[in-house]
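Contents: one structure, followed by commentary.
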Amino acid sequence: MLGTLVTEGFQLTGDPKQAEVVIVNTCGFIEEAKQESINTILEHGHLKKSGTCRVLIAAGCLAQRYQGDLLKELPELDGVVGTGEFGKIAEICRELLAPKKRHKRLWISQPPYLYDELAPRLRLGKQHSAYVKIAEGCNRNCTFCAIPLMRGKQRSRPVESIVAEARQLAAEGVKEINLISQDTINYGVDLGLRQGLVSLLRDLVKVDGLRWIRPFYLYPQQVTDDLLDLYAGEEKIVKYIDMPLQHINDRVLARMHRLGNRTAIESLVDRIRSRIPGVTFRTAFIVGFPGETDAAFTELRTYVEQAEFDRVAVFVYSDEDDTSAAELGDKVEQDIMDDRRNSILSVQEAIAASKGRAKIGSVLDVLIDGRSEETEGVLEGRHEGLAPEIDGVVYIDEDSVDAGCKTSDPASGDFCRVEITDAAGFDLVGRIMTTTAH
Ligand code: SF4
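Mapping of the sequence shown onto the working numbering: position 284 corresponds to residue 265, and the numbering continues sequentially without gaps.
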């Protein structure tokens, strides 16, 4: 949307108070995200009275899911733009800004928009790290999940389109690409590709200039040895597996309509760890799924203790409209769900702290993200086991730059060899040994 708007002559501002058009890009995934989206719309609705805002738009998944209901419930909205209409955003803004009497307020279509390498793109944030969407939609049927309702069946971008975009990004100085979709392990099945992700990665590693390629959201099925061997053998593919497991109890997994069971999950985790030495494993679980008994939860917590994942995200179950889990009985009370979430998080906090301490003394390649916004004189970076935005960071005292690295000051996007000197929570502290040219 940003790329289209700028190409069509709109000016961007980071200050909503100065904007004539405010677009809230919403999420409709779970209750917490929906509430955050609605609060953001309400917050920005005030700008129509106090600021320069003339047009307030809700775009994205919540818009796609609730369509006209959103307009009825939130009268401050001028337009609702679903996930199929992103490409028309400039046209929509012009229409809503036009002085004539407005008729149309709802832009919804199917299937959801999927960009290609020719779409104008404007990236905010780190210029050396980019997200690349490789597919849209999901063919699976997890009973708790509304994503297929909002994003439709899976549609993958052709390999050539993704590689062309990766080349453009590398030419702009991007060093790290993060591959995203709803079901990355299934990439390409709709194009008739066998092992589509393997083919894609084999082509992406040939793109000059890229240093890290990081696929996200691997479903714990169809993980072939070819894929794991590629991870292990290709320097550019980060040794980082992001695989939401959702639960470990067989009955809960079956009620979630997840493929596989505890035995299959355990053997897959073992296989990944043995085939990719030193891999960082990130996963996510849902607590409080309908019918999750005390015993099923205890089984999950014990598993988290024993499996010692590097990172664990925990979501509290919420009934989502039109999902089959919402119809299930044996709902778990909210305070019990919250306690269960906190319990797993505290188990994981101790594991993460011990894993952080174990890194002290090691020397790692770190991608410098820039100066810390919180602490003066400190740089922030990440080693390959730290994904942008969701994991911790490595803090580096800028003074160590002069002491350790005579060649040049590391700038954002540089890779440095960093010795880890301390660990704090999910973060590490280190000093630069050398800057490497990449
Ligand atoms: S695989 Fe992921 S996106 Fe697809 S239905 Fe399951 S949870 Fe939702």
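The C-beta atom is built at its ideal place from N, Cα and C for all residues, glycine as well.
Please read these numbers as outputs of a predicted model, since none were measured by experiment.
Opposing strand residues paired with residue i [DSSP bridges]
| i | result |
| --- | --- |
| residue 4 | 38 |
| residue 250 | According to DSSP, residue 250 bridges with nothing at all. |
| residue 263 | 223 and 292 |
| residue 415 | 398 |
| residue 362 | 349 and 375 |
| residue 409 | 375 and 404 |
| residue 186 | According to DSSP, which records beta bridges pairwise, residue 186 is partnered with nothing at all. |
| residue 87 | 61 |
| residue 160 | 113 and 196 |
| residue 341 | Beta-bridge pairing links residue 341 to no other residue. |
| residue 232 | Bridge partners of residue 232: none, in fact. |
| residue 136 | 117 |
| residue 328 | According to DSSP, residue 328 bridges with nothing at all. |
| residue 22 | According to DSSP, which records beta bridges pairwise, residue 22 is partnered with nothing at all. |
| residue 268 | 297 |
| residue 73 | Answer by DSSP bridge pairing: none, since residue 73 is not bridged. |
| residue 218 | 194 |
Burial state of residue i (16 or more Cβ within 10 Å)
| i | result |
| --- | --- |
| residue 63 | buried |
| residue 335 | exposed |
| residue 90 | exposed |
| residue 331 | exposed |
| residue 164 | buried |
| residue 85 | exposed |
| residue 286 | exposed |
| residue -4 | exposed |
| residue 280 | buried |
| residue 79 | exposed |
| residue 391 | buried |
| residue -6 | exposed |
| residue 371 | exposed |
| residue 271 | buried |
| residue 5 | buried |
| residue 118 | buried |
| residue 404 | buried |
| residue 275 | exposed |
| residue 310 | exposed |
| residue -8 | exposed |
| residue 159 | buried |
| residue 30 | exposed |
| residue 420 | There is no way to answer for residue 420, as the model of the chain reaches only from -18 to 419. |
| residue 24 | exposed |
| residue 122 | exposed |
| residue 17 | exposed |
| residue 105 | exposed |
| residue 46 | buried |
| residue 167 | buried |
Nearest-angstrom beta carbon gap, residue j and residue i [assumed within contact, 8 Å]
| i | j | result |
| --- | --- | --- |
| residue 359 | residue 341 | Actually they are not in contact, since the Cβ atoms of residue 359 and residue 341 sit about 18 Å apart, beyond 8 Å. |
| residue 142 | residue 169 | Not really, about 12 Å apart at Cβ, beyond 8 Å. |
| residue 60 | residue 73 | 6 Å |
| residue 217 | residue 186 | 5 Å |
| residue 94 | residue 133 | The Cβ separation is near 11 Å, so there is no contact. |
| residue 13 | residue 33 | With 8 Å as the limit, residue 13 and residue 33 do not qualify as a contact, their Cβ atoms being about 31 Å apart. |
| residue 202 | residue 171 | Actually they do not touch by this definition, with Cβ atoms about 17 Å apart. |
| residue 182 | residue 211 | 6 Å |
| residue 8 | residue 41 | 7 Å |
| residue 213 | residue 188 | Not really, about 20 Å apart at Cβ, beyond 8 Å. |
| residue 199 | residue 231 | 21 Å between Cβ atoms; not a contact. |
| residue 127 | residue 304 | 6 Å |
Spatial neighbours of residue i in its chain, beta-carbon cut-off 6 Å, leaving aside the 5 residues before and after
| i | result |
| --- | --- |
| residue 58 | 37, 39 and 52 |
| residue 265 | 225 and 294 |
| residue 77 | 36, 59 and 60 |
| residue 161 | 112, 114 and 197 |
| residue 369 | 110 |
| residue 428 | Examination of residue 428 is not possible in this model, given that the chain is present from -18 through 419 alone. |
Residues of its chain near residue i, where Cβ-Cβ distance is below 7 Å and the 5 sequence neighbours each way are ignored
| i | result |
| --- | --- |
| residue 267 | 125, 227, 228, 296 and 298 |
| residue 419 | Confidence at residue 419 is low in this model, with a pLDDT of 49, below 50, so its placement is unreliable and the value that follows should be read with caution. These residues qualify, in order along the chain: 156, 192 and 396. |
| residue 321 | 268, 269 and 278 |
| residue 245 | none |
| residue 291 | 261, 262, 263, 336 and 366 |
| residue 184 | 140 and 144 |
| residue 379 | 358, 359 and 360 |
| residue -12 | 101 |
| residue 103 | -17, -16 and -13 |
| residue 149 | 98 |
| residue 28 | -3, -2, 3 and 34 |
| residue 21 | 5 |
Residues of its chain near residue i, where Cβ-Cβ distance is below 8 Å and the 5 sequence neighbours each way are ignored
| i | result |
| --- | --- |
| residue 375 | 345, 347, 361, 362, 363, 364, 367, 399, 401, 408, 409, 410 and 411 |
| residue 349 | 360, 361, 362, 377, 391, 392, 393, 394, 395, 396 and 397 |
| residue 307 | 300 and 301 |
| residue 257 | 209, 212, 213, 220 and 222 |
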